[in-house]
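Notes to accompany the following structure.
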Amino acid sequence: DAKTTQPTSMDCAEGRAANLPCNHSTISGNEYVYWYRQIHSQGPQYIIHGLKNNETNEMASLIITEDRKSSTLILPHATLRDTAVYYCIVRVGGGVGGATNKLIFGTGTLLAVQP
Amino acid sequence: GAGVSQTPSNKVTEKGKYVELRCDPISGHTALYWYRQSLGQGPEFLIYFQGTGAADDSGLPNDRFFAVRPEGSVSTLKIQRTERGDSAVYLCASSLTSSRGRGELFFGEGSRLTVL
Chain A
-10 DAKTTQPTSM
0 DCAEGRAANL
10 PCNHSTISGN
20 EYVYWYRQIH
30 SQGPQYIIHG
40 LKNNETNEMA
50 SLIITEDRKS
60 STLILPHATL
70 RDTAVYYCIV
80 RVGGGVGGAT
90 NKLIFGTGTL
100 LAVQP
Chain B
545 GAGVSQTPSN
555 KVTEKGKYVE
565 LRCDPISGHT
575 ALYWYRQSLG
585 QGPEFLIYFQ
595 GTGAADDSGL
605 PNDRFFAVRP
615 EGSVSTLKIQ
625 RTERGDSAVY
635 LCASSLTSSR
645 GRGELFFGEG
655 SRLTVL
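Just so you know, the protein sequences line up as chains A and B, in that order. Just so we're aligned: 27 in my numbering is position 38 of the first sequence, and the numbers increase by one with no gaps anywhere. Just so we're aligned: 640 in my numbering is position 96 of the second sequence, and the numbers increase by one with no gaps anywhere.
So this is what it looks like as structure tokens:
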């Protein structure tokens, strides 16, 4: 699976948009970009994933560059409860070609939402 | 609840002792994963089960670590002759493996192991 690079930490004011970048310059054509987050003392939680099109759900938006070498997770209106470590992971999609759903985590970005 | 359940939530043991950590996956999830997380680090993959069999145990650090899933549901992670370096939070996750799914892993809240 391709490696990712994320900033160690970021701050965001409550109510503002949080934009978390991720570089994955060695991503392969069949690899998806997944985002998970981990709130203190909890297990990681799925947020969103995408292949090449931008994606949006009730939690966040995912913007993937045209060359797919980087992406940005956007939390449109950050709240204090969004303070967490955010992990960007690239891997072959679950079930595709017999691939497993195994995730390889990096160290992620600690997002601190400030009141 | 309907989520992944892990027991115990906390375990304190002495160096050299044997420890078992249990994971109850979401009903119907055929895939089960164990991870280990040390302070300040992301979760580190240990082992993955598809049904009853260990499909990938490449992350187990040494032969003191072993995991089973005899009936394809509950799994137990077993650590023999514990060392202080084994202290960590052990996370379990489960998932569907159908290509209809989005490949999402559902994690439990973990078992915190402290080896004195």
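No residue lacks a Cβ here, since even glycine has one placed at the ideal position from N, Cα and C. None of these values were measured; they are calculated from a predicted model.
For B:V556, count the other beta carbons within 10 Å of its own beta carbon; 16 or more makes it buried, fewer makes it exposed. Which is it?
Position 12 of the second sequence holds residue 556 of chain B. B:V556 is exposed by the Cβ-count criterion.
Which term fits B:G652, buried or exposed, when burial requires 16 or more other beta carbons within 10 angstroms of its beta carbon?
If you number the second sequence from 1, residue 652 of chain B lands on position 108. Result: buried.
Among all the DSSP beta bridges, which residues are the ones paired with A:S60?
Here residue 60 of chain A corresponds to residue number 71 of the first sequence, with the count starting at 1. DSSP, once it has assigned bridges, lists A:C11, A:I53 as partnering A:S60.
Out of A:H29, A:I16, A:Q27, which one is the CA nearest neighbour of A:E55?
In the first sequence, the residue the question calls residue 55 of chain A occupies position 66. Minimum Cα distance to A:E55 is reached at A:I16.
Closest Cβ-Cβ distance between B:D607 and chain A: below 8 Å?
Taking the first residue of the second sequence as position 1, residue 607 of chain B is located at position 63. No, its Cβ sits nowhere closer than 8 Å to a Cβ of chain A.
For A:P33, which residues in chain B fall below 7 Å Cβ to Cβ?
As a first step, residue 33 of chain A is located in the first sequence; it is residue number 44 there, counting from the start. Per Cβ cutoff of 7 Å: P587, F651.
Go to B:S638, then tell me how far its beta strand (DSSP E) extends in each direction, as first and last residue.
Residue numbering aside, residue 638 of chain B sits at position 94 when the second sequence is read from its first letter. Where B:S638 is concerned, the enclosing beta strand (DSSP E) stretches over 632 to 639.
Distance check for A:P(-4) and A:Y35, CA to CA, integer angstroms please.
Within the first sequence, numbered from 1, the residue matching residue 35 of chain A stands at position 46. Within the first sequence, numbered from 1, the residue matching residue -4 of chain A stands at position 7. About 19 Å.
Who are the near neighbours of B:T574 in its chain, counting only those whose CB is closer than 6 Å to its CB and skipping five residues on each side?
Start at 1 with the first residue of the second sequence, and residue 574 of chain B comes out as number 30. Cβ within range, chain order: G595, T641.
Could you check whether the Cβ of B:S582 sits closer than 8 Å to any Cβ belonging to chain A?
Counting from 1 along the second sequence, the entry for residue 582 of chain B is found at position 38. No, because no Cβ of chain A sits closer than 8 Å to the Cβ of B:S582.
What residue range is occupied by the uninterrupted beta strand (DSSP E) comprising B:A546?
As a position in the second sequence, residue 546 of chain B is number 2, starting the count at 1. Segment: none, B:A546 is in no beta strand (DSSP E) and carries neither H nor E.
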